[in-house]
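Below is one structure, written out as structure tokens, with a few remarks after it.
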Amino acid sequence: MTLLFDRHRRITSPALAPADFDGRARGPIELTIGLVNNMPDSALKATDVQIARLLQQSAPRHVRLRLHCFSLPSIPRSHAARSHLAQAYTDIDRIDGLGIDGLIVTGAEPIAARLREEPYWSDLSSIVDWARTNTRSTIWSCLAAHAAVLHLDDIERQRLAGKCSGVYECVKVRDDWLTDGIETPLKVPHSRLNAVNEPLLAARGYDILTRSDEVGVDIFARSMPSRFVFFQGHPEYDALSLQREYMRDIARFLAGQRDDYPRLPKSYFSAETEAVLNAFEARAKVRRDPTLAAELPGLTLRTDLASGCAAQALFRNWIGYLGQAE
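Counting in our numbering, the sequence shown runs from 283 upward without gaps.
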């Protein structure tokens, strides 16, 4: 399925009409964006909506976007997910003939201990090779970013002592068109088990754009012929994405599908909700029963999350870069 949207025809969402960069009248530009969605089945449709809405909200009025969604065939999927892909996605074998200007490649849920052992490694590394000469710019998110730098420069990700999950303040390290006009610190969601070494990235020619003292490098980039942009975090996440992941991990613990109880996402839930969840954790470790999750009350988030602000600014600049190359 192809989504085509501009100020005259929009996807169904509560989004506001996008504005021009500087208010001046401009001739129409049409850009073709590809989304390679590698997220697990539980987040597949939500990611479609998040990215489509984010692109629409970020695009200026003179830019018309055509969005094609793809999935790697080597990622294991449930019957329901395969049905969704068959109805709503474009066959990835067609990607070469669609004139993709910009590509977005999401992360995936890790299955193997090493990236090169993942069932989708060959397909994902082929996308890296294709994108470097067939796009103007490609965004690599989370695990996809780790896979891309491993394939390109043999930079291995490093396992963290515990999962990095929460909303972190990240500051600009250098000026770049991607972060132009963005005030820092940016509040960026992170959700990952691994990290890449910042000094090694810099030594291999990557530009470090934003970082956090707590979680290290956030956004980095490299020019090939295509400008590759790498997100270790998830600026595209909506306000409830981390909550959904946390509740999923609690359910897996209660069902005996994981041994360790998940950590609370940092700087995410309200103080009252954190107290409730800490008490629930103590009960869950004593009574490991899947039905216990039904006893959780409603959860509230912190009021200062500013969800989506950083993402809209980043994607606005990214779309602007693609449009200038026209």
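For each residue, glycine too, the CB sits at the ideal point set by N, CA and C.
Computed from a prediction, not measured in an experiment: that's the story for all the values here.
Between A430 and F510, the C-beta gap is smaller than 8 Å, which places the two residues in contact.
Under DSSP, T585 takes part in no beta bridge, so it has no partner. If you look at N476, you'll find it in the beta strand (DSSP E) that goes 468-477.
DSSP places Y543 outside any alpha helix (DSSP H), giving it a letter other than H or E. Here the C-alpha atom of P471 lies approximately 28 Å from the C-alpha atom of A362. With 16 or more other CB atoms across the displayed protein chains lying within 10 angstroms of its CB, T461 is buried. Scanning its chain for C-beta atoms nearer than 6 Å, with the 5 sequence neighbours on each side dropped, one finds around Y550 the residues G448, V449, L524, in chain order. Here M321 is buried. Its C-beta has 16 or more other C-beta atoms within 10 Å. Nearest in C-alpha terms to A477, of all of K454, F502, I464, is F502. Under the rule that a run must span 3 or more residues, the beta strand (DSSP E) segments found entirely inside the region 351-406 read 384-387.
Around the CB of R474, 16 or more other CB atoms lie within 10 Å, so the residue is classed as buried.
Shortest Cα-Cα distance from V497 to any of D489, E480, P507 involves E480.
Taking 8 Å as the cut-off, the beta carbon of V387 is found closer than this to the beta carbon of S423. Excluding its 5 nearest sequence neighbours in each direction, L482 has C-beta neighbours in its own chain below 8 Å: I437, listed in chain order. For the 8 Å CB-CB criterion, D373 and T417 do not form a contact.
In the DSSP assignment, G316 forms a beta bridge with H350, L385.
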